[in-house]
Amino acid sequence: MTTTNQADMHLGWDQRLIDEILEHIERQDVHIDDAVVTNIVRLAQYFLADFVPHGQVQWLAMEDKLVLARLALRAIDGLTAAVERNPNNVNLPDDAMNAMIHAMLGFNASVCTWHDTLQEEARTVVAQLYTETSNRIVFFLRVLGGRFSTDLPAAHHISRIRNLFCGTLQVASMMFSPNTTHTFPVCFVLNHNTCFATEPMSQSDTDMTMIKLENASAAYNFLCHTLQVWSTFLQHPSPVQWYIQDFAPQLAQLARMLFDHLLSTICPLKAAPRVRLLLMVLRQTEGLRSLTGLHRPIFDWNYLLLRHRLKGADLPGWEAVDTYLIEAFQSQSFLPPTAEDFIDILNALESCSVQTTVSVCVSPQCRLSRALIFCC
Numbered sequence: 031m032t033t034t035n036q037a038d039m040h041l042g043w044d045q046r047l048i049d050e051i052l053e054h055i056e057r058q059d060v061h062i063d064d065a066v067v068t069n070i071v072r073l074a075q076y077f078l079a080d081f082v083p084h085g086q087v088q089w090l091a092m093e094d095k096l097v098l099a100r101l102a103l104r105a106i107d108g109l110t111a112a113v114e115r116n117p118n119n120v121n122l123p124d125d126a127m128n129a130m131i132h133a134m135l136g137f138n139a140s141v142c143t144w145h146d147t148l149q150e151e152a153r154t155v156v157a158q159l160y161t162e163t164s165n166r167i168v169f170f171l172r173v174l175g176g177r178f179s180t181d182l183p184a185a186h187h188i189s190r191i192r193n194l195f196c197g198t199l200q201v202a203s204m205m206f207s208p209n210t211t212h213t214f215p216v217c218f219v220l221n222h223n224t225c226f227a228t229e230p231m232s233q234s235d236t237d238m239t240m241i242k243l244e245n246a247s248a249a250y251n252f253l254c255h256t257l258q259v260w261s262t263f264l265q266h267p268s269p270v271q272w273y274i275q276d277f278a279p280q281l282a283q284l285a286r287m288l289f290d291h292l293l294s295t296i297c298p299l300k301a302a303p304r305v306r307l308l309l310m311v312l313r314q315t316e317g318l319r320s321l322t323g324l325h326r327p328i329f330d331w332n333y334l335l336l337r338h339r340l341k342g343a344d345l346p347g348w349e350a351v352d353t354y355l356i357e358a359f360q361s362q363s364f365l366p367p368t369a370e371d372f373i374d375i376l377n378a379l380e381s382c383s384v385q386t387t388v389s390v391c392v393s394p395q396c397r398l399s400r401a402l403i404f405c406c
């Protein structure tokens, strides 16, 4: 039998399995038991967690894997719809949700590495998959946090959320430790004592899917993605919100750490992915501001970015940063520069060769240009 025929049979078998799962869970009065949930978890583990990042194969070779990833997401969508319809009809253990969250986090870290190498149509596909997966992750985080519970949050609701969040912070700390050099791939499970392994554990060693990051690009994508997921989760009301109020300031610190690394010379990413991830981090600042009450520490980042552009070369791929800065300095939440920023920006303008960035400062619609004129 040829490889193509084997792949076709594999796809057909998975399609039939998912059709059976969906037919079962879409019935209004049916209790969804452990067996159905276990099948959905396995689909997530097989077809999402092991999605291949950019650099190992050509995009054309990913067609079957994209089909399988969509099938797994379709099954997860059916499960979330059933939970929202009647949570009492679904037996959804915490370990199953943890496994799906890990599988989807790993998937998004890998699928986003393809974004900057593709044509517009394929980039749209990647962006759509990323958005759908992110929404599902936030949904399961909210369920883990007791969204459908009628009582006060139980200790296990709080501990599950804390384990995942602390694991995220520990991954960032290990990834950016100045005294550590990482050899990829790295594998880990998010918990209160996260540690790196070089190979995934066997299924007998853990009940959850390990996240596997194949390269530095996947690692940066993972951290920026989890920043966005946690920021979105915290902006939803939750029964555990009074027990996790320390999350927001720690998330702001993670955002600043990512911002600084993405601007630094030690960041190994090329211009396109670096700019995309920088903007992803910056677009979380409004939500982080509302969560933490921080003002100047958040919005000073725009001035750091502007000064970086004014003092740097006119590099291809950074035009999106200039567009972002124009929008930021036109917004109602604009904060005038500090005296230090003001002097540094004026000095940089005198020698800046990046014309598109100069236009950020002198645009008539830009509140920054008005502030600079006023200060003069």
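Following our numbering, the numbering of the sequence shown begins with 31 at its first residue and continues without gaps. Ideal Cβ positions, reconstructed from N, Cα and C, are used throughout, including at glycine. On a predicted model such as this, the values are computed, not experimentally measured, just so you know.
Around the beta-carbon of Val311, 16 or more other beta-carbon atoms lie within 10 Å, marking it buried. Per the coordinates, the alpha-carbon of Asn377 lies some 11 Å from the alpha-carbon of Glu370. If you look at Cys217, you'll find it in the beta strand (DSSP E) that goes Val216 to Phe218. Contact check for Ile48 and Ala105: beta-carbon distance about 5 Å, within the 8 Å limit, so the pair qualifies.
A check of alpha carbon separations from Pro346 across Ile373, Leu309, Val305 and Gln314 identifies Val305 as the nearest. Each residue's CA atom was taken as its position, placing Thr295 and Ala248 some 18 Å apart. With a cutoff of 8 Å on beta-carbon distance, Ala126 and Leu243 are scored as not near each other. Taking 8 Å as the cut-off, the beta carbon of Asn251 is found closer than this to the beta carbon of Thr143.
Remark: fewer than three beta-carbon pairs, one from each stretch, lie closer than 8 Å, so the segment 281-297 and the segment 128-135 are not flagged as touching. Ser320 and Phe263 have their alpha carbons spaced roughly 13 Å apart. In the DSSP assignment, Lys300 falls outside any alpha helix (DSSP H) and carries neither an H nor an E. Per DSSP, the beta-bridge partners of Lys242 are Cys217. Per DSSP, Ala202 is one residue of the alpha helix (DSSP H) stretching across Ala185 to Met205. Your pair Leu220 and Phe137 does not check out as a contact, with CB atoms roughly 15 Å apart and the cut at 8 Å. Distance from the CA of Phe81 to the CA of Ile375, rounded to the nearest whole angstrom, comes to 44 Å. Remark: C-beta atoms of Val259 and Leu308 do not approach each other more closely than 8 Å. A distance below 8 Å separates the beta carbons of Met134 and Ile167. In terms of Cα proximity to Ile191, the closest of Pro269, Ile241 and His255 is Pro269. In this structure, the CA atom of Lys300 is about 11 Å from the CA atom of Thr147. Taking one beta carbon from each stretch, the segment 155-162 and the segment 85-103 have 3 or more pairs nearer than 8 Å; the two touch. In this structure, the alpha-carbon of Trp272 lies about 12 Å from that of Ala278.
For Ile62, the pairing in a beta bridge is given by DSSP as Val120. The alpha-carbon separation between Gln200 and Asp59 amounts to approximately 43 Å. For Lys95, same chain residues with a beta-carbon under 8 Å away, outside a window of 5 residues either side, are Phe77, Phe81 and Val82 in chain order. Contact between Leu293 and His338 is confirmed by a C-beta separation of about 6 Å, below the 8 Å threshold. In the DSSP assignment, Gln280 falls within the unbroken alpha helix (DSSP H) covering Phe277 to Leu293. The secondary-structure analysis by DSSP pairs Ala227 across a beta bridge with Cys217. At least 8 Å separates the beta-carbon of Ala302 from that of Asn332. The DSSP-derived three-state label of Gln88 is coil. Cβ neighbours of Gly176 within its own chain (closer than 8 Å, five residues either side excluded): Pro183, Ala184, His187, Ser268, Pro269 and Val270.
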